[in-house]
Amino acid sequence: MAKRQPTIHDHRYRCLVQLLTKLRKEASLSQSELAIFLGLSQSDISKIESFERRLDALELFELLEVVASRLGLP
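Under this note's numbering, the first residue of the sequence shown carries the number 51, and numbering increases by one thereafter.
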């Protein structure tokens, strides 16, 4: 059985991160502001957005909550 490539290199993951970055910007959140909400550093957010660090499931959930709240979504 062939070894799977790490998720961070999967095109679907990259599309997801690009969409999340777009949503962060539409919500007028800087990387630093988002980092505070998620309990991460600005550097962590930068690394996630540049595909150097993987976003875990709980971070994804929290990020979506913050962005949805800022955009006035339920």
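Cβ atoms here follow ideal geometry from the backbone N, Cα and C, with glycine treated the same way.
- Taking Glu-99 as the centre and dropping the five residues before and after it, the same chain places the C-beta of Thr-71 closer than 6 Å to its C-beta, in chain order.
- Of the candidates Leu-123, Leu-114 and Tyr-63, Leu-114 places its Cα closest to the Cα of Ala-85.
- Separation of the CB atoms of Gln-81 and Gln-68 is rounded to 15 Å, and the pair is thereby denied contact status at 8 Å.
- Counting along the chain, the unbroken alpha helix (DSSP H) around His-61 starts and ends at 61–76.
- Straight across, the Cα-Cα distance linking Ala-118 with Ser-96 is about 20 Å.
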